[in-house]
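Counting in the UniProt record's numbering, the sequence shown tops out at residue 63, every number present.
To start, the structure under review is shown below, and the notes come after it.
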Amino acid sequence: MDDAFKANLATGYKIAIKDNLDSFEVPMTDAVINEFDIVNFFKSYNVDVSVELNWGTFTIEIL
């Protein structure tokens, strides 16, 4: 996972928490990323999420 995508995940998460949302979306990049990469990224910060891929966008639900 590249640094730009990680930054998008972190920014989306921060905005969702600030706005009291239970999910947020992040656009896909050219890098090969799957749902497990995103789940493991958040697990490293002790945050549980579920991820769904929808037409070029990852929808990330904060559990």
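The beta-carbon is built from N, C-alpha and C at its ideal position, and this holds for glycine as well.
Three-state secondary structure (DSSP) at residue i?
i: residue 34; result: coil
i: residue 49; result: strand
i: residue 11; result: helix
With DSSP as the reference, identify every bridge partner of residue i, one or two as the case may be.
i: residue 17; result: Looking at the DSSP assignment, residue 17 forms no beta bridge with any residue, so it has no partner.
i: residue 64; result: Nothing about residue 64 can be read from this structure; the chain reaches only from 1 to 63.
Tell me the rounded alpha-carbon separation between residue i and residue j.
i: residue 36; j: residue 20; result: 24 Å
i: residue 6; j: residue 33; result: 11 Å
i: residue 54; j: residue 10; result: 19 Å
Under 8 Å by Cβ, that's how I've got residue i and residue j pegged, so tell me the actual separation to the nearest angstrom.
i: residue 15; j: residue 24; result: 7 Å
Tell whether a beta-carbon distance below 8 Å holds between residue i and residue j.
i: residue 59; j: residue 27; result: no
i: residue 3; j: residue 29; result: no
i: residue 22; j: residue 61; result: yes
i: residue 44; j: residue 63; result: no
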